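In the numbering used here, the protein residues as written are 1234 to 1683. Built from N, CA and C at the ideal position, the CB exists for glycine as well. If you're wondering where the values come from, they're calculated on a predicted model, not measured in any experiment.
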């Protein structure tokens, strides 16, 4: 069983780790794909912008929409020789432009071809207007839903690019130049914002996987602990039941085979031994049954007026054989009588005193005290026993839990005592706390509110 649980847990860890690694790889790969798509989209948008810019710059001054289309071409500027132009410069310009208009038809093919060649030659010599190109590029970026700041630079084709630059060549320029797109360094942040939803989903899946592994690990560990508790409980109960059965068998053999039945004194002693052994077995069985009832919510409490000092004295008297005059009782309450369930308080005291005696070392000292607290009272039992290691303190109230020792039967019991005490305290709506130090003792504090 334990080996199978360990194997299952190991397989689960491997599976969850693979899921986590896959999710991390998926997020990283998705980011890289988005980065490549972003660069390609920015580059294609720049290529389209350059093509549009070229078309707009190469647009000829024609009137093709009319019936008789013409082509108008700028020739030169001529100084204005009119003296009036020099007297009134604000009104009349000292120069005027001279244009040549040619009708586009089959008779003027040569002239039109020459004019177009001249215009194209001028276009090759004209510098790139980055402001106009930037406006066109901004429109193309908006079509691609790309909202980043950018900067365009014109450089020669031999320029070495950096990691954040994209180059697109211009083919309509007389010298080999390229348009450099400088991508801002915060573009990665923009890409992360675009991929925030997949990243969040992956993070949620990773957290769910890790959380599931954690919960499953706790369940498996708890199952293994319960399995150990079960084995210990079976060993303990076998040992605890074998002891009284051995006593009963020895007593019956003595009565049957050694003539003890003919001796009234010996007969009475053996019968008392048998009766005490049977009563102990009966109490142990009742305790196990009561724990089952309390766990299933079948709780019946009966509050009566109880004198705590008298009840504590009566309980401590039952342990005089094991700790004669070693149990002290202090009551600091204004009124020694409280409304509570006598049987439950009796059982709590009995279990805690019994535990203190079982785990004592050397001279036993047990102190029972009652103090007043806000809206209630508290019971405190302190001993000078061997103490409980801090590692075991969170688990001592678990059913079947026993602090491991070299000899599992060194201290008798089923591992039900403190679990039973906690159920009884909860039945009275109380709270139980424990503090302990190795070789110094343990303090149990139980608080009850009115």
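Within a Cβ cutoff of 8 angstroms, which residues of the same chain sit near residue i, ignoring the five residues on either side of it in sequence?
{"i": "residue 1573", "result": "1536, 1537, 1539, 1661, 1681"}
{"i": "residue 1546", "result": "1562"}
{"i": "residue 1589", "result": "1597, 1599, 1614, 1616, 1618, 1675"}
Under a three-way DSSP split, which group does residue i fall into?
{"i": "residue 1498", "result": "helix"}
{"i": "residue 1571", "result": "strand"}
{"i": "residue 1603", "result": "strand"}
{"i": "residue 1536", "result": "strand"}
{"i": "residue 1598", "result": "coil"}
{"i": "residue 1296", "result": "Here residue 1296 scores only 49 on pLDDT, less than 50, and its place in the model is too uncertain to base an answer on."}
{"i": "residue 1266", "result": "helix"}
{"i": "residue 1629", "result": "coil"}
{"i": "residue 1477", "result": "helix"}
{"i": "residue 1593", "result": "coil"}
{"i": "residue 1450", "result": "helix"}
{"i": "residue 1457", "result": "helix"}
{"i": "residue 1624", "result": "coil"}
{"i": "residue 1258", "result": "helix"}
{"i": "residue 1663", "result": "coil"}
{"i": "residue 1519", "result": "helix"}
{"i": "residue 1634", "result": "coil"}
{"i": "residue 1379", "result": "coil"}
{"i": "residue 1486", "result": "helix"}
{"i": "residue 1579", "result": "helix"}
{"i": "residue 1464", "result": "helix"}
{"i": "residue 1587", "result": "helix"}
{"i": "residue 1286", "result": "helix"}
Is any heavy atom in the ligand FMN found nearer than 7 angstroms to the beta carbon of residue i?
{"i": "residue 1454", "result": "The ligand content of the structure shown is nil, which means the ligand FMN is not present either."}
Between which two residues does the beta strand (DSSP E) containing residue i stretch?
{"i": "residue 1612", "result": "1609 to 1616"}
{"i": "residue 1560", "result": "1560 to 1564"}
DSSP puts residue i in a beta bridge; with which residues?
{"i": "residue 1676", "result": "1615, 1668"}
{"i": "residue 1433", "result": "In DSSP, residue 1433 forms no bridge with anything."}
{"i": "residue 1681", "result": "1610"}
Just to confirm before moving on: does the CB-CB distance between residue i and residue j stay below 8 angstroms?
{"i": "residue 1604", "j": "residue 1565", "result": "yes"}
{"i": "residue 1667", "j": "residue 1581", "result": "no"}
{"i": "residue 1484", "j": "residue 1506", "result": "yes"}
{"i": "residue 1615", "j": "residue 1674", "result": "yes"}
{"i": "residue 1577", "j": "residue 1549", "result": "no"}
{"i": "residue 1598", "j": "residue 1617", "result": "yes"}
{"i": "residue 1620", "j": "residue 1683", "result": "no"}
{"i": "residue 1253", "j": "residue 1432", "result": "no"}
{"i": "residue 1613", "j": "residue 1677", "result": "yes"}
{"i": "residue 1569", "j": "residue 1542", "result": "yes"}
{"i": "residue 1401", "j": "residue 1272", "result": "no"}
{"i": "residue 1679", "j": "residue 1611", "result": "yes"}
{"i": "residue 1717", "j": "residue 1245", "result": "The question about residue 1717 has no answer here: the residues shown for the chain are numbered 1234 through 1683."}
{"i": "residue 1522", "j": "residue 1579", "result": "no"}
{"i": "residue 1439", "j": "residue 1256", "result": "yes"}
Note the first and the last residue of the continuous alpha helix (DSSP H) segment covering residue i.
{"i": "residue 1545", "result": "1541 to 1550"}
{"i": "residue 1657", "result": "1650 to 1660"}
{"i": "residue 1372", "result": "1363 to 1376"}
Note down, in chain order, each residue of its chain lying with its Cβ closer than 6 angstroms to the Cβ of residue i, except the 5 sequence neighbours on either side.
{"i": "residue 1600", "result": "1561, 1615"}
{"i": "residue 1480", "result": "1510"}
{"i": "residue 1286", "result": "1366, 1369"}
{"i": "residue 1477", "result": "1510, 1514"}
What does a CB cutoff of less than 7 angstroms around residue i pick up in its chain, not counting 5 residues either side in sequence?
{"i": "residue 1518", "result": "none"}
{"i": "residue 1450", "result": "1242"}
{"i": "residue 1640", "result": "Low local confidence applies: a pLDDT of 48 at residue 1640 is under 50, so the model's placement there is unreliable, and no value is given."}
Would you say residue i reaches chain D, if we count a Cβ-Cβ gap shorter than 8 angstroms as a contact?
{"i": "residue 1603", "result": "Going by chain labels, chain D is absent from the structure shown, which holds only one protein chain."}
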